[in-house]
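Numbered by my numbering, the letters in the sequence shown go through residues 1167 to 1627 in order. A quick write-up on the structure given underneath.
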Amino acid sequence: MSAVISKPRRALAIGLSCAISALLLSACGSDGSSSIAAPTPATPTPAPTNPLPASFSVQHAAQTCLWKGPLSRDNPNGNFAYPDSGAAYWSATVTIPAGAHLFVNGQFPYSRYISYVSYDTNAQPVNVLHDEDIQPATGATNPFIAGNPRYADARNYQVEIVAGSTPATPAANTLYTGMPGPTVTFWYRVYVPDQGADDTGAVGLPDVSVLNADGSTLSGDAACAELNPASALSTPNFLPQATYASLRDQANVPDSFPAQNPGDWHFPFNRTWNLQCLFYYLCSGTPAYQQNWYGNPDNAYVESMISRDYGTVAILRGKLPQVPATFHNSLTHVAGQLRYWSICMNEFYTQKVTDCMYDEQVPVDANGNYVIAISRSADRPANATTACGYGWVQWSDVGDGNGHPNDGLLIMRNMLPEPSFANALQNVLVPGQEQSVIGPYLPSVTYGSKASFEGLGCKAS
1167 MSAVISKPRR
1177 ALAIGLSCAI
1187 SALLLSACGS
1197 DGSSSIAAPT
1207 PATPTPAPTN
1217 PLPASFSVQH
1227 AAQTCLWKGP
1237 LSRDNPNGNF
1247 AYPDSGAAYW
1257 SATVTIPAGA
1267 HLFVNGQFPY
1277 SRYISYVSYD
1287 TNAQPVNVLH
1297 DEDIQPATGA
1307 TNPFIAGNPR
1317 YADARNYQVE
1327 IVAGSTPATP
1337 AANTLYTGMP
1347 GPTVTFWYRV
1357 YVPDQGADDT
1367 GAVGLPDVSV
1377 LNADGSTLSG
1387 DAACAELNPA
1397 SALSTPNFLP
1407 QATYASLRDQ
1417 ANVPDSFPAQ
1427 NPGDWHFPFN
1437 RTWNLQCLFY
1447 YLCSGTPAYQ
1457 QNWYGNPDNA
1467 YVESMISRDY
1477 GTVAILRGKL
1487 PQVPATFHNS
1497 LTHVAGQLRY
1507 WSICMNEFYT
1517 QKVTDCMYDE
1527 QVPVDANGNY
1537 VIAISRSADR
1547 PANATTACGY
1557 GWVQWSDVGD
1567 GNGHPNDGLL
1577 IMRNMLPEPS
1587 FANALQNVLV
1597 PGQEQSVIGP
1607 YLPSVTYGSK
1617 ASFEGLGCKA
1627 S
């Protein structure tokens, strides 16, 4: 049965939203899996005719003196900031010596996407340098350029990390930190490594080197000794528990709060506006856009709060954008409407990801439409399988991770849309445009039971 939650009183909402803003100044707080799940597309792209590169048989180090992580669903100390299980993330925080230059030296992975992103002290992204914008070394090939061979042998590059603001004309292969001081934080991301590759995309993590003011060069452990890197992942930025309680445990709201039936989607313009929208339904205005929680500037997001109080199975119906199908070792990089798409289920309070499906994993019909069931493992419909033509995403058994076991947070990602793709999340400019802009690519959210979903049958039968 459908229900619409009554809105909490506006005066109370405005008063508490001010408290939210104040508390968040001292606690600001997206995106990983150390075992990235493989897709099962209906029509895999051909694999290379030659054997895979020898590096595919190497299990590269999960972290180095520079890189800490990975941020991951499977890493108990690194599942925060709402990571995506189709990706792996590493963080680095270092202090650049006066007059020195900091470089990372890597190989382009065998993967869908990579990037370097710098962050300020509030976990807000400052600058991004992603794969196709990185110039390869002389004689090497950037496999992320459309039309380039993805399995080129020579794939080296070098990126410089520079403290300070981004100039009007940025230097090539340079990531600016936006921070005036010598201590800088930046992350490295790898999305969808090819079949047979480890989380680094079968090339290992980038090395570090330092060119000192006196002309001397250090690399590896010697460079790290001079940079004094952080010994752990970047610090998570959680909401204070008292703040979250004031949001979630309001008086005179139903158990299903703040979810609605049918579910609704909101573009998270900034942290304070987003909390007001999710928990007080104050979703209008012209808010400034600012990503938080270690977000990726190459992604845009929409989110929906859902509740098992409406039904043990949430059902998503939508259309999947076209993406490059890379997992099955495709030989050439081709463009799509998006570079990457995913749906993830999360615990709101802990920022943990429970499960995701990314584009190549999602069963679709001839028109690109999908149906995805979201439930606890115990409630998984028997037909919620790729073989039957339906997707399935696991719902956390602990809900929000803070005493509300029926809660859930859905996050949908769009990465690097083509300019011609008008339905991308990136084109939502003001609140309320979500449906009109995203159109059929914004999934409906309804509810049912295990039995009712099983009543849909098996498309393949």
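Note that CB positions come from ideal geometry on N, CA and C, so glycine has one too.
Item	Value
Comparing alpha-carbon positions, which option in Y1410, D1360, K1234, E1600 lies nearest Y1467?	E1600
DSSP on D1573, reduced to helix/strand/coil?	strand
I'd like the span of the alpha helix (DSSP H) that includes R1414, first residue to last.	1407 to 1414
Does the region 1515 to 1529 come within contact of the region 1438 to 1458, defined as at least 3 CB pairs closer than 8 Å?	no
For the putative contact between V1376 and A1266, defined by C-beta atoms under 8 Å, what is the C-beta separation to the nearest angstrom?	5 Å
With a floor of 4 residues, list each alpha helix (DSSP H) that falls wholly inside the region 1382 to 1450, ordered by position along the chain.	1386 to 1393, 1407 to 1414, 1437 to 1446
If the criterion is Cβ atoms closer than 7 Å, does the pair Q1456 and N1436 meet it?	yes
What's the C-alpha gap between S1562 and N1245?	13 Å
Using the three-state DSSP reduction, which class does V1603 fall into: helix, strand or coil?	helix
Under three-state DSSP, which class holds Q1456?	coil
Going by the beta-carbon positions, is the gap between V1294 and D1464 smaller than 7 Å?	yes
What distance in whole Å lies between the Cβ atoms of Q1301 and N1339, which are believed to be in contact at a cut-off of 8 Å?	5 Å
Return yes when the Cβ of V1358 is within less than 7 Å of the Cβ of Q1273, no when it is not.	no
Beta-carbon within less than 6 Å of I1604's beta-carbon, same chain only, minus the 5 sequence neighbours each way: which residues are those?	N1589
Applying the criterion that 16 or more other CB atoms from any shown protein chain within 10 Å of the CB defines a buried residue, is I1540 buried or exposed?	buried
Skipping 5 residues on each side, what residues in its chain have a beta carbon closer than 8 Å to that of S1277?	V1356, Y1357, V1358, P1359, D1360, A1363, G1367, T1492
Would you tell me roughly how many angstroms separate the C-alpha atoms of D1197 and D1545, rounded to the nearest one?	Caution is warranted here: a pLDDT of 38 is assigned to D1197, below 50, making its placement in the model unreliable, and the coordinate value is therefore given only provisionally. Distance between the alpha carbons of D1197 and D1545: 27 Å.
Near R1474, which residues of its chain fall below 6 Å by C-beta distance, leaving aside the five closest residues on each side in sequence?	N1572
Tell me, please, which residues DSSP counts as bridged to S1473.	D1573
DSSP three-state call for K1485: helix, strand or coil?	strand
Could you spell out the range, first to last residue, of the beta strand (DSSP E) harbouring F1619?	Looking at the DSSP string, F1619 is not in any beta strand (DSSP E); the run it does join, the alpha helix (DSSP H), is 1616 to 1620.
Where does S1331 land, buried or exposed, given buried means 16+ other C-beta within 10 angstroms?	exposed
With distance defined between alpha-carbon atoms, name the residue in I1481, Y1515, G1534 nearest to L1575.	Y1515
Among N1580, A1480, V1537, which one has its Cα closest to the Cα of A1543?	Residue identity differs from the one stated: residue 1543 is Ser in this sequence, not Ala. When each option's Cα is compared against that of S1543, the closest is A1480.
Buried or exposed, going by whether 16 or more other CB atoms sit within 10 Å of the CB of V1596?	exposed
Label T1383 either buried or exposed according to how many other C-beta atoms from any shown protein chain fall within 10 Å of its C-beta, with 16 as the threshold for buried.	exposed
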